[in-house]
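Some notes on the structure that comes next.
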Amino acid sequence: MVEIVLFAMLIFFKIHIVSCLDLMVDDFSHEYAQHGDARRGVQQWNLLQATLNQAAKRLEGSFLINASAVAAGFAAVSADCLLGSARELGHDGSEACSGRENDWLMEPLLALVGRGLLLIYFTLRAASVSEKCTRTRRFINSLFIAGEGGLSLDSDRAYLVRYIDDSAAGFYVQGVRITHFAVMKLFYGGCALTFAIIARMSRA
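Residue numbering for the sequence shown is -20 to -1, 1 to 184, as defined by mature numbering (1 follows the signal peptide of the UniProt record, and there is no 0).
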């Protein structure tokens, strides 16, 4: 129980950092909508992108350790369930004959599911930063600058949009950009694995 609480505190600490990054992207869009200076926008985006990269590098080590621990836990529970070690480690024959030899696996499985959900939630928040960086260029591209002839397009603003697009800013882990699509695939895979383990335990 204590390790689950510590794991949750660590994840929520990371979520707090990612939430700050999310607000920084919002602040960039808000400031550009006010001043409309593309050159200043390029400088601010460079600073924002550097902050995102530094934050991701600081968090990726801990994230990989947490993800590896959860994956190793699922692998161990799966091995216990599929290879029949639960029967060999049964406390007594009556428990094994009653079909409850796999009950002791439920507690670590539930703990792993809880940790996995917390990890998925963190990756979703990290993916939101990447998606917001993608939407930022669309927001800037939708703005019009008032000129002498009324509303007109700005070539400097178009350059800023292209610059943001080429920068491909976002939250990266080991050079891989975290997106909602990747997180959902990971979530569905975890659900399928958990269901398979529970189904195997119920048939034992």
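A virtual CB, placed ideally from N, CA and C, is assigned to each residue, including glycine.
Between the C-alpha atoms of Q34 and R19 there is a straight-line separation of about 23 Å. Apart from sequence neighbours up to five positions away, the residues of its chain that approach L166 with a beta-carbon distance below 8 Å are I100, T103, ordered along the chain.
Annotation: F(-14) to S122 spans about 42 Å, alpha carbon to alpha carbon.
Rounded to the nearest whole angstrom, the CA to CA distance from L90 to A149 is 36 Å. Annotation for F(-14): the continuous alpha helix (DSSP H) segment containing it runs -19 to 15. The beta-carbon separation of Q29 and S147, rounded to 6 Å, stays under the 8 Å limit for a contact. Excluding sequence positions up to five before and after R137, its CB lies within less than 6 Å of the CB of A18, all in the same chain and listed in chain order. Looking only at V(-3), H10, V50, the smallest Cα-Cα distance to Y152 is reached by V(-3). Rounded to whole angstroms, the gap between the alpha carbons of G169 and I177 is 12 Å. A Cβ-Cβ contact shorter than 7 Å links G96 with V50.
Boundaries of the alpha helix (DSSP H) around A138: 135 to 147. Annotation for K112: D2, V5, D6 place their beta carbon closer than 8 Å to its own, counting only its chain and skipping 5 residues before and after.
Checking the DSSP bridge columns, you'll see V153 partnered with V156. CA-CA distance, T114 to S48, rounds to 29 Å.
Between the alpha carbons of V163 and E11 lies a gap of roughly 30 Å.
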